[in-house]
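A quick write-up on the structure given underneath.
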Amino acid sequence: MTTDRIAAAAEAVAAARLARTALDILPAAIRPGDEGEAYAVQDAVHARLSAGGHGARIGYKIACTTKVMQEYLGIGSPCSAGLFAAGRHQSGAVVRADAYARIGVECEIAVRIGRDLTPSDAPFTAAGIAGAIAAFMPAIEIVDDRYADWRRTDAPTLIADDFFSAGSVLGAAVAPATVADPAGLVGTTVINGIEAGRGVGADVMGHPLNALAWLANHLAARGRTLARDEIVLTGSLVETKWLAAGDRVLIAITGLGPVALSVV
0 MTTDRIAAAA
10 EAVAAARLAR
20 TALDILPAAI
30 RPGDEGEAYA
40 VQDAVHARLS
50 AGGHGARIGY
60 KIACTTKVMQ
70 EYLGIGSPCS
80 AGLFAAGRHQ
90 SGAVVRADAY
100 ARIGVECEIA
110 VRIGRDLTPS
120 DAPFTAAGIA
130 GAIAAFMPAI
140 EIVDDRYADW
150 RRTDAPTLIA
160 DDFFSAGSVL
170 GAAVAPATVA
180 DPAGLVGTTV
190 INGIEAGRGV
200 GADVMGHPLN
210 ALAWLANHLA
220 ARGRTLARDE
230 IVLTGSLVET
240 KWLAAGDRVL
250 IAITGLGPVA
260 LSVV
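Just so we're aligned, residue 0 is where the sequence shown starts under numbering that gives the first Met the number 0, counting upward by one.
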């Protein structure tokens, strides 16, 4: 994919995102054809989003961490997307439904990275990467169905557009030494006082740290560092729940605690 095509694709994706208009299938001439091209476009999208008011990239989300979703979307591996400063919230946050095309939430185990994980440190494993975690947090990922029809949108374009990512809500930080095996942590999503879903850490690639190691290796393969203090959402324990104005969300992870969000 030429530099000009990458720039044109990124401009189309970022313009739709910044204007909050539905992203349709990109013209064939500028549509990324595979994951490598998708991440090249994503990099250029990130630069445009940061310049357009989203602020600095503060970390990553990991999507498609289950075989079911990978097969459904025709992706052979998980995928990564950026998190930005303007979309970072603390527990108890209130957001407007009309700030999104269709707002949804996912139940996540988040981590804060304690030291740089550089390409020269690769390859990474779940066991080896555990010592690089500075803190665990319960988290809500805010997602946005901002597509004309996501079912028709090809996977590389979804990757280029950060795969529904629209923000994060973080709970209190918990020291790793006090956290039981993350694979056994249970997450629940409660909406308006009613449990809407439940899952466990092992639902995410067998272990959330497998997902974290995948991300570090993925970045290293692209010559990138997973940097100290970056936030990573390791993958949803519960399927996406779509919301409307007036909804109140409480997500809780055993051993990590609760995190709350209200939509008005």
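Yeah, the Cβ is synthetic: ideal placement off N, Cα and C, and Gly gets one too.
Just so it is clear, the structure is predicted and the values come from calculations on it, not from any experiment.
- Taken atom to atom, the span from the alpha-carbon of I128 to that of L225 is near 11 Å.
- In this structure, DSSP gives M204 a state outside helix and strand, which the three-state scheme calls coil.
- By the Cβ rule, the region 234-241 does not count as touching the region 254-262, because fewer than three pairs are nearer than 8 Å.
- Using a 10 angstroms sphere on the CB of P122, the tally of other CB atoms stays under 16, which defines it as exposed.
- In the three-state scheme derived from DSSP, where H, G and I count as helix and E and B as strand, W241 is classed as strand.
- With respect to the 7 Å criterion, T64 and G234 are classified as neighbours on the basis of their beta carbons.
- Inter-residue distance for V178 and M0 is about 44 Å (C-alpha atoms, whole angstroms).
- Under the DSSP assignment, I128 falls in the alpha helix (DSSP H) whose first and last residues are A125 to I128.
- Counting along the chain, G256 sits inside no alpha helix (DSSP H); it lies in the beta strand (DSSP E) bounded by residues G256 to V262.
- Apart from sequence neighbours up to five positions away, the residues of its chain that approach S164 with a beta-carbon distance below 6 Å are K60 and A80, ordered along the chain.
- Between the alpha carbons of R145 and L22 lies a gap of roughly 6 Å.
- Spatial neighbours of H45 in its own chain (CB-CB distance under 7 Å, excluding positions within 5 residues in sequence) are listed in chain order as R56 and G81.
- Burial is judged here by how many other beta carbons sit within 10 angstroms of a residue's own beta carbon; E70 has fewer than 16 and is exposed.
- Positions of the beta strand (DSSP E) runs, each at least 3 residues long and wholly inside the region 119-190, are given as 132-143, 164-169 and 185-190 in order along the chain.
- Contact between the region 149-162 and the region 71-78 is present, with at least three C-beta pairs closer than 8 Å.
- Two segments are said to touch when three or more pairs of C-beta atoms, one from each, lie closer than 8 Å; by this definition the region 132-144 touches the region 96-110.
- Around D246, the same chain offers I190, N191 and V262 as residues with beta carbons nearer than 7 Å, after the five sequence neighbours per side are excluded.
- Under DSSP, C78 shares a beta bridge with A62.
- In the displayed model, S90 falls within coil according to three-state DSSP, outside both helix and strand.
- Assigned with DSSP and collapsed to three states, T2 falls in helix.
- Using a C-beta cut-off of 8 Å, the region 198-207 makes no contact with the region 23-36, since fewer than three inter-stretch Cβ pairs fall below that distance.
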